[in-house]
Amino acid sequence: MPNRPQNHNPNKSNRRRNNPKRPISRRTQRVFMRSLLITIIATLAIATTVVMAWNRVITPPAPQEMAHRPMPPMQRPTNPDQDTPDYQDDEPDVEYVWPAPERFTDDDRREYFWTFLIIGLNEGRNANTVMAASYCGITREAHIISIPRDVAISTTRRGHAQKLASSYLAGAGGGRGRAGGIAQVQMDVMNVIGFIPDYYVVIDYDTFFTIIDAVDGIYVYVPIRMRYSDPCQNLNIDIMPGLQHMDSATALEFSRFRQANRNSGYPSLPDGDIGRTRNQQAVVNAVISRLLTPASILRIPQFVGIFNDSVYTNLTFSEMMFFALELNHVRGADALFTDTFVPVRTSGLPYYHEFLNPESVLELINSTINPFKEDIELRDLNIFR
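Once you know that position 73 of the sequence shown is 60 in the working numbering, the rest is easy, because the numbers rise by one and skip nothing.
This is the structure we're talking about:
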């Protein structure tokens, strides 16, 4: 049996393990905090260097050309009620192009000014959300205008007024697919704002979930207790008032809520669909706020990759990177503005079409998203009164 070292006490190590740890000295704490601060500052410096390097590599995209090309013929479905989009793998890669406003040319465009059309689709492929947006690379200001989904559109699709919400589905039917759906929304939105935005972004529910989860949820202020259930849709909304952290599912319920069940005792949004539009804008603002955090800025390439894989858009990868980096300059209410075209009347039963005031629409367009050096005029619009 080997000899044990002298002065070895078998109970000493046990006592050491059972005794509580000695408190960390203040000097050690100061050294740790100093090292942590240096690490954070170094990380931010590296992130800033990376962002600046990307800004030098990625140049601002040129505005979309405004060629006055005629609209390609769109074959109508044999059955007028057959408006279901066909998303087969062999869907033809067709780019439908509506003619640009005849009064404007490429020379009339403002420099470093881009416009966007944002389309949010529900499960039935109706456009629950339609927004026209702009970004000015000189003032570093962004504007988002929501167009109510029930606005009456001046169109001859079926010989009478249609709701903007049905535009995508009508255009995508008959095998025309997403390209036809986007083209129809572009034409109908052009009737309202007087021009076709440079870029389109189509977001469905799956994409919505992906984006919200990618930023680890969002923080949104909920104005009222939102309580609504619909067994037919397997929908059960129950969101408490106040500032809430929302995952993607809750954020979608918040964006969809408009009114409570009748006789339930719970409140509805006082301004109905306009209030829902305001909530959708709050979600957009919350997502942008999350993207502007230091941790998110380091993940910009990852977010762009997610966006590129999940969103149907005519933005190229380099254009996505450019605008993603430009988000760093859009900070809070001082640079990001949201508005809504507020209807002045409704048709009531049975269709509840909503109607806009062209003069009010025109004033808001020219002060926010107009991409031209000259003002858009009433003759450029085609709005149902």
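We put the CB at the ideal spot given by N, CA and C, even for glycine.
Residue interval of the beta strand (DSSP E) (run including residue i)
| i | result |
| --- | --- |
| N115 | 114 to 123 |
| E306 | Element bounds for E306: not the beta strand (DSSP E) but the alpha helix (DSSP H), 304 to 313. |
| A129 | 128 to 133 |
| I205 | 205 to 209 |
| F100 | 100 to 108 |
| I190 | 186 to 190 |
Beta-carbon gap between residue i and residue j smaller than 8 angstroms
| i | j | result |
| --- | --- | --- |
| P50 | G181 | no |
| D185 | T102 | yes |
| I140 | A119 | no |
| Q246 | L256 | yes |
| I106 | T197 | no |
| V348 | V172 | no |
| H232 | Y208 | no |
| I356 | V271 | no |
| P254 | I211 | yes |
| F388 | N266 | Within the shown structure, residues of the chain are numbered from -12 to 372, placing residue 388 beyond reach of any answer. |
| T194 | S283 | no |
| E361 | D95 | yes |
Per-residue DSSP class, three states only, for residue i
| i | result |
| --- | --- |
| P67 | Interpretation of P67 is limited by its pLDDT of 38, a score under 50 that renders its predicted location unreliable; no figure is taken from the coordinates. |
| F91 | coil |
| H373 | Coverage of the chain is limited to positions -12 through 372, which leaves residue 373 absent and any answer about it impossible. |
| N248 | coil |
| V331 | coil |
| G168 | helix |
| T267 | The displayed chain sequence assigns Gln, not Thr, to residue 267. DSSP places Q267 in helix when its eight states are reduced to three. |
| F195 | helix |
| M61 | Because the pLDDT of M61 is 46, which lies under 50, any placement of that residue in the model is unreliable, and the question is left without a value. |
| G229 | strand |
| A322 | coil |
| I140 | strand |
| P72 | Residue placement at P72 is flagged as unreliable, the pLDDT there being 46, under the threshold of 50; the coordinate-derived value follows with that caveat. Three-state DSSP puts P72 in coil, outside helix and strand. |
| R96 | strand |
| Q173 | helix |
| I370 | strand |
First through last residue of the alpha helix (DSSP H) which encompasses residue i
| i | result |
| --- | --- |
| S216 | That residue, S216, is in no alpha helix (DSSP H); its beta strand (DSSP E) goes 213 to 217. |
| L349 | 345 to 353 |
| F294 | 287 to 297 |
| I224 | Not the alpha helix (DSSP H): I224 falls in the beta strand (DSSP E), residues 222 to 226. |
| Y155 | 154 to 159 |
| E240 | 235 to 243 |
| S283 | 281 to 284 |
Closest residue to residue i among the options (Cα-Cα distance)
| i | options | result |
| --- | --- | --- |
| R249 | Q267, R214, D234 | R214 |
| R112 | L156, G161, Y206, V209 | L156 |
| A152 | E128, N115, G158 | N115 |
| G262 | F244, V271, R277, I275 | F244 |
| A311 | G204, A129, I224, E98 | A129 |
| A166 | D296, T300, N223, L108 | T300 |
| I275 | E313, L302, S242 | E313 |
| V331 | R97, A170, A322, P345 | P345 |
| D260 | V329, A170, V291 | V329 |
| F91 | I183, D191, D326 | I183 |
| P48 | L302, E364, E350 | L302 |
| Y192 | D203, A238, G204, G168 | A238 |
| E110 | V202, F309, D362, I190 | I190 |
Residue i to residue j span [Cα, whole Å]
| i | j | result |
| --- | --- | --- |
| D175 | I352 | 16 angstroms |
| P358 | G229 | 38 angstroms |
| A273 | D93 | 34 angstroms |
| A320 | G161 | Low local confidence applies: a pLDDT of 47 at A320 is under 50, so the model's placement there is unreliable, with the coordinate-based value given in what follows. One C-alpha to the other measures close to 43 angstroms. |
| D304 | S216 | Note on residue identity: the sequence assigns Phe, not Asp, to residue 304. So the two alpha carbons sit approximately 40 angstroms from each other. |
| F371 | R286 | 45 angstroms |
| G164 | I224 | 32 angstroms |
| L104 | V188 | 6 angstroms |
| R366 | C123 | 25 angstroms |
| H316 | G335 | 43 angstroms |
| M227 | R136 | 26 angstroms |
| V138 | Y338 | 11 angstroms |
| D200 | D234 | 7 angstroms |
| S154 | M177 | 12 angstroms |
| A159 | L108 | 12 angstroms |
| R127 | L323 | 9 angstroms |
| P60 | A170 | Reliability of the predicted coordinates at P60 is poor, the pLDDT of 48 falling under 50, and the value obtained from them is presented with this limitation in mind. Computed Cα separation, rounded: 12 angstroms. |
| P218 | S251 | 15 angstroms |
| T46 | E98 | 14 angstroms |
| N295 | T327 | 28 angstroms |
| T71 | Q149 | In this prediction, T71 scores a pLDDT of 44, lower than 50, which makes its location untrustworthy; the coordinate-derived value is nonetheless stated afterwards. Near 17 angstroms, if we compare the C-alpha coordinates of Q149 and T71. |
| Q289 | E341 | 40 angstroms |
| I125 | G168 | 33 angstroms |
| N369 | M308 | 35 angstroms |
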